[in-house]
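Input: a single structure, listed below in structure tokens.
In my numbering, the protein residues as written are 1462 to 1679.
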């Protein structure tokens, strides 16, 4: 009897923690989930890749039961968003911090991406504030080879954000490190030029914050 009760409780526990949801976008394009963050009420906010490279990305808000509550697609200054991080805001657990790059252009030849946006949402995806940092006209792409998945972010316990990217500049290429406040204020920036033949680049990047607040990168 005890064994039967234990199995029944286990099955009930699994059934309560699992749901299957299909999220449809208004434009009919197939989208793949990329980033997810759990809200305070145990719902979820998810960012989605568009099927086409230059399409805008969207956010979806799900209830704890998996019901799609809201979907959001928007632009900043007429530019599309590509999300690189979703976090519970380090200073307010009722808010979501999204970090995205802004891009414009219709083909890869005129694809411009040298801005990063810090956006604060409430749990219903209402925008509270947004801050955009432009790295300057000397930068062409925050991803030198077009693979934006190689840009990495770290959210520290003190609320600061560290970014690492392999960038294309007007004069060559570099590995770029930058540190921001959670509101998008630039605190520090450092780059390493990679202009010589055969110079190393960030093909895949994994980074972890250490206890002394430095970070290791592979």
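Virtual Cβ for every residue (Gly too), placed ideally from N, Cα, C.
When the alpha-carbon of residue 1529 is set against those of 1542, 1579, 1504, 1562, the nearest one is in 1504.
Distance from the CA of residue 1613 to the CA of residue 1621, rounded to the nearest whole angstrom, comes to 14 Å. Going by C-alpha positions, residue 1544 is about 7 Å away from residue 1508. Under the DSSP assignment, residue 1481 falls outside any beta strand (DSSP E); it carries neither an H nor an E label. The continuous beta strand (DSSP E) containing residue 1594 extends over residues 1588 to 1595. Taken atom to atom, the span from the alpha-carbon of residue 1520 to that of residue 1527 is near 14 Å. Beta bridge pairing from DSSP links residue 1508 with 1496, 1520.
In the DSSP assignment, residue 1623 falls within the unbroken beta strand (DSSP E) covering 1622 to 1630.
Burial state of residue 1641 is buried, judged by a 10 Å Cβ sphere holding 16 or more other Cβ atoms. The three-state reading of DSSP puts residue 1464 in helix, counting H, G and I together. Following the DSSP letters along the chain, one finds residue 1574 inside the beta strand (DSSP E) bounded by residues 1573 to 1583.
Straight through space, the alpha carbons of residue 1551 and residue 1499 are spaced by roughly 13 Å. Boundaries of the beta strand (DSSP E) harbouring residue 1641: 1633 to 1641, taken from the DSSP string. Cβ atoms of residue 1592 and residue 1516 stay farther apart than 8 Å, at about 24 Å. DSSP lists 1560 as the bridge partner or partners of residue 1546. If the five residues before and after residue 1484 are omitted, its C-beta is found closer than 6 Å to the C-beta atoms of 1521, 1529, all from its own chain and listed in chain order. Only residues of its own chain outside the window of five on either side were considered, and among them 1603, 1612, 1637 have a CB closer than 6 Å to the CB of residue 1626, listed in chain order. For residue 1614, the enclosing beta strand (DSSP E) covers residues 1613 to 1616. Annotation for residue 1531: the continuous beta strand (DSSP E) segment containing it runs 1529 to 1533.
Here residue 1646 is exposed: its Cβ has fewer than 16 other Cβ atoms, across all protein chains shown, within 10 Å.
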